[in-house]
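Take the position in the sequence shown, starting the count at 1, then add 2; the result is the number in the working numbering.
The C-beta atom is built at its ideal place from N, Cα and C for all residues, glycine as well.
In this text the structure is predicted, and so the values were computed from the model without any measurement.
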Amino acid sequence: MTVDLHSEETLMEFPCDFQLKAMGHNTESFMNTVFEITQKYAPETTRDKMHIKDSKGKKFISVNIHFEATSLKQLHAIYGDLKAHPEVLMTL
């Protein structure tokens with residue numbers, strides 16, 4: 003089975019509560035990057051919706067942000083910008 007990632011068809015219903023996760027090096031810059039990219043497409047996102055978790059060795063962090071997703075196009079834009087940014091090592 004193959005999935006067309008460019009299709010507008012999805013099992014999700016919008017708007018919906020959504021959580022994204024991005025992993026990168028443990029820097030203030032990385033945290034700000036993830037927040038700013040998310041807020042660019044979901045302007046109602048606030049820092050109190052962001053949760054940071056250190057890796058065991060504290061070299062890396064994961065940034066989780068909860069926001070209201072309004073469309074699949076919005077999610078593609080956020081994940082596209084995150085994936086293209088050199089500080090972002092992985093997204094979920």
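(request) Evaluate contact between the region 75-82 and the region 54-64, counting only Cβ atoms and requiring at least three cross-stretch pairs below 8 Å. (result) no
(message) Please give the ranges of any beta strand (DSSP E) in the region 3-56, keeping only runs that are unbroken, at least 3 residues long and fully inside the region.
(response) 18-27 and 52-56
(request) Under 8 Å Cβ to Cβ from T4, same chain only, skipping five residues before and after it: list those, please. (result) The residue you call residue 4 lines up with position 2 of the sequence shown. Its pLDDT being 42, under 50, T4 is placed unreliably by the model, and the measurement read from it follows with that caveat. Answer for T4: no residue qualifies.
(request) For N28, collect the residues of the same chain with a Cβ closer than 7 Å to its Cβ; drop the 5 residues on either side in sequence, then sort them by chain order. (result) In the sequence shown, counting from the first residue as 1, residue 28 sits at position 26. The answer, listed in chain order, is D56, K60, K61, F62 and I63.
(request) Quick one: residues in its chain with C-beta nearer than 7 Å to the C-beta of Y81, no 5 flanking neighbours on either side, listed in chain order? (result) By one-based count along the sequence shown, residue 81 stands at place 79. Same-chain partners within the cutoff: T93.
(message) Can you tell me whether T48 is buried or exposed? The criterion is at least 16 other CB atoms within 10 Å of its CB, across all chains shown.
(response) Taking the first residue of the sequence shown as position 1, residue 48 is located at position 46. Exposed: under 16 other Cβ atoms inside 10 Å.
(message) Let's see if you can read the secondary structure: which residues bound the beta strand (DSSP E) around H87?
(response) Within the sequence shown, residue 87 is the residue found at index 85, counting from 1. H87 -> no beta strand (DSSP E), and no H or E assigned at all.
(request) Give me whichever residues DSSP pairs with L79 in a beta bridge. (result) On the sequence shown, residue 79 is found 77 positions in, with the first residue counted as 1. In the sequence under discussion, the amino acid at residue 79 is Ala, which differs from the Leu named in the question. Partner(s): none; A79 has no beta bridge.
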